[in-house]
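Asker: Take the sequence shown: its position 16, counted from the start at 1, is 26 in my numbering, and no numbers get skipped.
Here a beta-carbon is modelled for each residue, glycine too, at the ideal position from N, C-alpha and C.
One structure coming up, written as structure tokens, with questions to follow.
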Amino acid sequence: ILNPHPVTKLVRDVYGPHLHLKQDLVASRVSGLRSNAKYSEAPWAVYLLFKFWHYFDDSACSGVLVAKLWVLTAAHCFGNDTNRRLVIRAGNTQKTGRESREMDRVVFHPKYNSSKPTLHEIALVKLNEAFTKTIDNRHYTINPICLPNKDQWNQYQELATIFGFGIIDEKTKLRTDWLQTGDMWLQPYYNCKVGSYQ
């Protein structure tokens with residue numbers, strides 16, 4: 011059962027221990043991206059922008075730097091066209107980024123099927139050149155995210171902080187120019203194997 015009320019939680023991060031307001035944001039799979047992220051709060055967050063010839067098209071996605079040469083993103087971002095030029099921007103909370111790389115190739119989850127887009131909906135993008143860790147004063151502006159061990163999963167419902175350059179208005183499909191942040195509930199691993207989570 012989800013708690014519909016905000017909870018205050020002690021968070022220890024690059025900013026030191028502080029209280030952070032958490033909210034139940036379960037309206038959709040990814041929701042609540044309504045506030046601008048702090049500078050260097052998510053140095054692993056990247057902006058993926060598709061190019062057609064010399065022009066950027068309307069397609070864009072968010073991703074996460076999982077290694078200096080690899081970005082994890084949603085498989086549906088590519089549609090059925092994996093040949094478009096993809097520019098990956100990193101190092102800033104604005105979508106312009108500070109540094110840019112291009113896609114070398116994309117690798118989809120072997121079980122991904124575009125007709126069932128909610129299953130195995132991940133892709134890895136290999137960059138044409140590695141991003142380098144970048145520090146501005148005392149904070150990283152570009153740095154791969156820390157990943158859990160392969161045998162590590164959440165046993166209880168947990169709040170997770172999400173980041174992205176997503177759509178902020180569903181009616182107009184308006185995209186944000188700034189990295190957004192919000193919170194969402196993660197279901198326990200075993201709950202995801204039954205019922206409506208399949």
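Does the beta-carbon of VAL56 have 16 or more other beta-carbons within 10 angstroms, so that it is buried, or is it exposed?
Answerer: As a position in the sequence shown, residue 56 is number 46, starting the count at 1. With 16 or more other CB atoms across the displayed protein chains lying within 10 angstroms of its CB, VAL56 is buried.
Asker: According to DSSP, simplified to helix, strand and coil, what is LEU71?
Answerer: For the purposes of this step, residue 71 is identified with residue 61 of the sequence shown, where counting begins at 1. Per the sequence shown, the amino acid found at residue 71 is Cys instead of Leu. Looking at CYS71 - three-state DSSP - the assignment turns out to be strand.
Asker: Provide the residue(s) that pair with TYR150 in DSSP beta bridges, ordered along the chain.
Answerer: Taking the sequence shown and counting its residues from 1, the one referred to as residue 150 is at position 140. TYR150 is bridged to ILE145.
Asker: Could you tell me the boundaries of the beta strand (DSSP E) in which LEU137 lies?
Answerer: As a first step, residue 137 is located in the sequence shown; it is residue number 127 there, counting from the start. Counting along the chain, the beta strand (DSSP E) containing LEU137 begins and ends at 132 to 137.
Asker: Are ALA133 and THR83 closer than 8 Å when you measure CB to CB?
Answerer: Start at 1 with the first residue of the sequence shown, and residue 133 comes out as number 123. Start at 1 with the first residue of the sequence shown, and residue 83 comes out as number 73. Result yes, Cβ atoms of ALA133 and THR83 sit closer than 8 Å.
Asker: Grab me the residues of GLY101's own chain with a C-beta within less than 7 Å of its C-beta, minus the 5 sequence neighbours each way, in chain order.
Answerer: Against the sequence shown, residue 101 aligns to sequence position 91. Contacts found: GLY107, ARG108, GLU109, THR144, THR151, ILE152.
Asker: In three-state terms, what does DSSP make of PHE175?
Answerer: Here residue 175 refers to the residue found at position 165 when the sequence shown is read from its first residue. PHE175: coil per DSSP, three-state reduction.
Asker: Report the option in PHE141, LEU137, PHE118, ILE178 whose CA atom is closest to the CA atom of HIS130.
Answerer: Translated into positions along the sequence shown, residue 130 becomes position 120. Of the listed residues, the one whose Cα sits closest to HIS130 is PHE118.
Asker: Are there 16 or more other CB atoms within 10 angstroms of the CB of ALA140, so buried, or fewer, so exposed?
Answerer: Within the sequence shown, numbered from 1, the residue matching residue 140 stands at position 130. Exposed is the call here.
Asker: Of all the options THR103, ASP179, GLN165, which has the alpha carbon lying nearest to the alpha carbon of ASP187?
Answerer: Your numbering for residue 187 matches position 177 in the sequence shown. Closest by alpha carbon: THR103.
Asker: Tell me whether ASN201 sits in a helix, a strand or coil according to DSSP, three-state version.
Answerer: As a first step, residue 201 must be located in the sequence shown, where it is residue number 191. DSSP places ASN201 in helix when its eight states are reduced to three.
Asker: Assuming the contact rule is C-beta atoms closer than 8 Å, ARG111 and LEU137 should be a hit. Round their C-beta distance to whole Å, please.
Answerer: The sequence position of residue 111 within the sequence shown is 101, counting from 1. The sequence position of residue 137 within the sequence shown is 127, counting from 1. Indeed, because the Cβ distance is near 4 Å, the residues count as touching under 8 Å.
Asker: Would you kindly work out how many angstroms separate the C-alpha atoms of PRO154 and TRP54, rounded to a whole number?
Answerer: In the sequence shown, the residue the question calls residue 154 occupies position 144. In the sequence shown, the residue the question calls residue 54 occupies position 44. Across the structure, PRO154 and TRP54 are spaced so that their CA atoms are roughly 5 Å apart.
Asker: Compare the C-alpha of ASN123 against each of ALA77, MET113, GLY89 and name the closest.
Answerer: Counting from 1 along the sequence shown, the entry for residue 123 is found at position 113. The shortest Cα separation from ASN123 among ALA77, MET113, GLY89 belongs to GLY89.
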